[in-house]
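Residue numbers for the sequence shown follow this note's numbering, beginning at 8 and rising by one.
First comes the structure, then the notes that go with it.
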Amino acid sequence: MQVKVKFLWVLLCSISAISCAQEKADIIPQTYTAYKTSEKIIIDGEDHDVAWSKVSWTNPFIDIEGKKHPKYKTEVKMLWDDTYFYVLAKMEEPHVWGDITKRDAIIFHNNDFEIFVDPTGDTHNYYELEINALNTAWDLFVSKPYRNTNVVLNDWNITGLKSAVKVNGTINNPNDIDTGWVLEIAIPWAAYKTGYFHKNVPTDKFWRVNFSRVNWDHQINDGKYERKKDTNGKLLHEYNWVWSPMGVVNMHEPEKWAYVLFSSELPKITNTFVIPQDDKVKWELYKLYRVQTTNFKKHKKYFTSIDSLTNSPIKVEGKLITPTLENHSTGWNISTKSPFTNKVLTVTEDGKFISN
Numbered sequence: 008m009q010v011k012v013k014f015l016w017v018l019l020c021s022i023s024a025i026s027c028a029q030e031k032a033d034i035i036p037q038t039y040t041a042y043k044t045s046e047k048i049i050i051d052g053e054d055h056d057v058a059w060s061k062v063s064w065t066n067p068f069i070d071i072e073g074k075k076h077p078k079y080k081t082e083v084k085m086l087w088d089d090t091y092f093y094v095l096a097k098m099e100e101p102h103v104w105g106d107i108t109k110r111d112a113i114i115f116h117n118n119d120f121e122i123f124v125d126p127t128g129d130t131h132n133y134y135e136l137e138i139n140a141l142n143t144a145w146d147l148f149v150s151k152p153y154r155n156t157n158v159v160l161n162d163w164n165i166t167g168l169k170s171a172v173k174v175n176g177t178i179n180n181p182n183d184i185d186t187g188w189v190l191e192i193a194i195p196w197a198a199y200k201t202g203y204f205h206k207n208v209p210t211d212k213f214w215r216v217n218f219s220r221v222n223w224d225h226q227i228n229d230g231k232y233e234r235k236k237d238t239n240g241k242l243l244h245e246y247n248w249v250w251s252p253m254g255v256v257n258m259h260e261p262e263k264w265a266y267v268l269f270s271s272e273l274p275k276i277t278n279t280f281v282i283p284q285d286d287k288v289k290w291e292l293y294k295l296y297r298v299q300t301t302n303f304k305k306h307k308k309y310f311t312s313i314d315s316l317t318n319s320p321i322k323v324e325g326k327l328i329t330p331t332l333e334n335h336s337t338g339w340n341i342s343t344k345s346p347f348t349n350k351v352l353t354v355t356e357d358g359k360f361i362s363n
């Protein structure tokens, strides 16, 4: 979803921005260990390759706000090798349809599957890929989340992308009931390189990743599927189902995305990744960041002291952290020293995360 930024939590938390940040603390990102495969994966939309049988599915997707269970199941597997990041998505769907065939069109106007990738974990310069059941792709580069002034490169393409769809049923046939569709993808690591000599294959490192599935109620018009409208002719709202819940109807908050460890170990049916303690400190800084930015939206001014952002001590795994708010000529920063690594962790005014 490129343009679905809805700050619903601002309305829900009108009494206190601080209580809103505390309320959102309960959403914990999902984790997955993507193992390295030495076996050939044929991108054909099937899950018959031996490599896929050696790894587990993610937890089933949930509603984007983390409150409701979707009516159709979605789950994903991941693998990698020195050339590609592989994703296998299986989606239940009794009516598989699509009518968008032009690359880089607004794919989420059909039912689709979406991949979001932030290689550096700093919330800036991340990538989005959307594919529908016709295997039509929309890939784009986003310089910053939409909460900030950003640049979106719609003409950025994943050179060498491989994808295939297998429909378990018959696509665009309203006269039968389908089982669903399977999407198999191979994304070249080279697509995420920032320079010719950039060695970016994340061996035994983690990236921030999330998956989303947009699904629409449909109606039949002249024998063809289309998005359903109400009695006034207005489109009904879409469903947004995700792997790692966001707490708001907005995929573009990369600090909430899941953690995928690209392990060099042989594939196995286990998830061994443990979220680093410094990232849990980072979550706390982002709560304060949201308080600060919410206050500006409501009152057109920023807080100038850390005491205005939090009214209680902040602990991470029993360790006290003491954030500071620094105001300067170009904006402000919220920083703290990690009690686990002694690194200085910072969130800047435009939401960028920095670790020194």
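We put the beta carbon where it would ideally sit given N, CA and C, even for glycine.
Between the alpha carbons of residue i and residue j, how many angstroms are there, rounded?
{"i": "tyrosine 293", "j": "aspartate 185", "result": "42 Å"}
{"i": "leucine 316", "j": "isoleucine 35", "result": "21 Å"}
{"i": "leucine 136", "j": "isoleucine 114", "result": "10 Å"}
{"i": "lysine 305", "j": "glutamine 299", "result": "10 Å"}
{"i": "proline 320", "j": "isoleucine 328", "result": "8 Å"}
{"i": "lysine 80", "j": "tryptophan 188", "result": "11 Å"}
{"i": "lysine 241", "j": "asparagine 117", "result": "16 Å"}
{"i": "valine 83", "j": "aspartate 314", "result": "42 Å"}
{"i": "proline 77", "j": "asparagine 66", "result": "13 Å"}
{"i": "proline 274", "j": "leucine 190", "result": "21 Å"}
{"i": "isoleucine 361", "j": "methionine 85", "result": "28 Å"}
{"i": "valine 62", "j": "isoleucine 276", "result": "5 Å"}
{"i": "threonine 331", "j": "isoleucine 341", "result": "6 Å"}
{"i": "isoleucine 282", "j": "lysine 212", "result": "12 Å"}
{"i": "glutamate 272", "j": "tryptophan 87", "result": "11 Å"}
{"i": "asparagine 334", "j": "methionine 253", "result": "29 Å"}
{"i": "aspartate 56", "j": "glutamate 46", "result": "9 Å"}
{"i": "tryptophan 257", "j": "aspartate 33", "result": "At residue 257 the sequence reads asparagine, which differs from the tryptophan that was named. Their backbone Cα atoms lie some 17 Å apart in a straight line."}
{"i": "tryptophan 223", "j": "asparagine 318", "result": "42 Å"}
{"i": "histidine 244", "j": "asparagine 363", "result": "43 Å"}
{"i": "aspartate 89", "j": "tryptophan 214", "result": "16 Å"}
{"i": "asparagine 302", "j": "lysine 289", "result": "20 Å"}
{"i": "serine 60", "j": "tyrosine 232", "result": "34 Å"}
{"i": "valine 216", "j": "tryptophan 64", "result": "15 Å"}
Go ahead and pull the three-state DSSP assignment for residue i.
{"i": "serine 362", "result": "strand"}
{"i": "asparagine 175", "result": "strand"}
{"i": "glutamate 100", "result": "coil"}
{"i": "leucine 332", "result": "strand"}
{"i": "proline 195", "result": "strand"}
{"i": "alanine 58", "result": "helix"}
{"i": "serine 342", "result": "strand"}
{"i": "threonine 40", "result": "strand"}
{"i": "isoleucine 114", "result": "helix"}
{"i": "isoleucine 313", "result": "helix"}
{"i": "asparagine 139", "result": "strand"}
{"i": "histidine 225", "result": "strand"}
Taking residue i as the reference, give the member of the options with the closest Cα.
{"i": "lysine 169", "options": "Phe280, Phe218, Asp51, Asp119", "result": "Asp51"}
{"i": "serine 270", "options": "Asp33, Thr44, Gly230", "result": "Thr44"}
{"i": "threonine 166", "options": "Thr156, Trp196, Asn157", "result": "Trp196"}
{"i": "asparagine 349", "options": "Tyr199, Val159, Lys326, Ile178", "result": "Lys326"}
{"i": "serine 336", "options": "Val83, Thr311, Asn164, Asn318", "result": "Thr311"}
{"i": "asparagine 180", "options": "His225, Thr343, Val255, Leu295", "result": "His225"}
{"i": "asparagine 175", "options": "Val103, Pro274, Glu191, Ile138", "result": "Val103"}
{"i": "threonine 210", "options": "Ser342, Leu268, Asp285, Ala112", "result": "Leu268"}
{"i": "tryptophan 339", "options": "Ser345, Asn363, Lys308", "result": "Lys308"}
{"i": "lysine 369", "options": "Glu333, Thr90, Asn139", "result": "Outside the shown range of the chain, which is 8 to 363, sits residue 369, and nothing can be said about it."}
{"i": "isoleucine 194", "options": "Glu121, Asp285, Asp56", "result": "Glu121"}
{"i": "tryptophan 163", "options": "Asn228, Asp33, Arg215, Ala198", "result": "Ala198"}
{"i": "aspartate 357", "options": "Asn363, Asn318, Tyr296, Asn302", "result": "Tyr296"}
{"i": "isoleucine 107", "options": "Asn228, Trp145, Lys74", "result": "Trp145"}
{"i": "isoleucine 192", "options": "Tyr91, Val216, Ser60, Lys74", "result": "Tyr91"}
Short check: CB of residue i to CB of residue j, under 8 Å?
{"i": "tyrosine 93", "j": "asparagine 278", "result": "no"}
{"i": "leucine 147", "j": "asparagine 132", "result": "no"}
{"i": "alanine 171", "j": "asparagine 207", "result": "no"}
{"i": "lysine 287", "j": "aspartate 129", "result": "no"}
{"i": "histidine 259", "j": "tyrosine 134", "result": "no"}
{"i": "valine 221", "j": "aspartate 111", "result": "no"}
{"i": "glutamate 291", "j": "valine 323", "result": "yes"}
{"i": "valine 351", "j": "lysine 344", "result": "yes"}
{"i": "glutamate 53", "j": "lysine 173", "result": "yes"}
{"i": "alanine 367", "j": "isoleucine 48", "result": "Nothing can be reported for residue 367, as the shown portion of the chain is limited to 8 through 363."}
{"i": "glutamine 284", "j": "phenylalanine 218", "result": "no"}
{"i": "isoleucine 415", "j": "glycine 105", "result": "Summary: the structure shown does not reach residue 415, with the chain confined to residues 8 through 363, and so no result is reported for it."}
{"i": "valine 149", "j": "asparagine 157", "result": "yes"}
Verify the CB distance criterion: does residue i have a CB-CB separation below 8 Å to chain C?
{"i": "tyrosine 246", "result": "Among the chains of the structure shown, chain C does not appear; only one protein chain is present."}
- Message: Under 8 Å, with one C-beta from each stretch per pair, do the segment 184-204 and the segment 228-244 reach the 3-pair mark?
- Response: no
- How about the segment 118-138 and the segment 248-268: do they share at least three Cβ pairs that are nearer than 8 Å? yes
- Does the segment 243-260 touch the segment 66-78, meaning 3 or more C-beta pairs lie closer than 8 Å? yes
- Task: Say whether the segment 193-207 touches the segment 97-108, bearing in mind that this needs 3 or more beta-carbon pairs closer than 8 Å, one atom from each stretch.
- Result: Flag = no, the segment 193-207 and the segment 97-108 do not touch.
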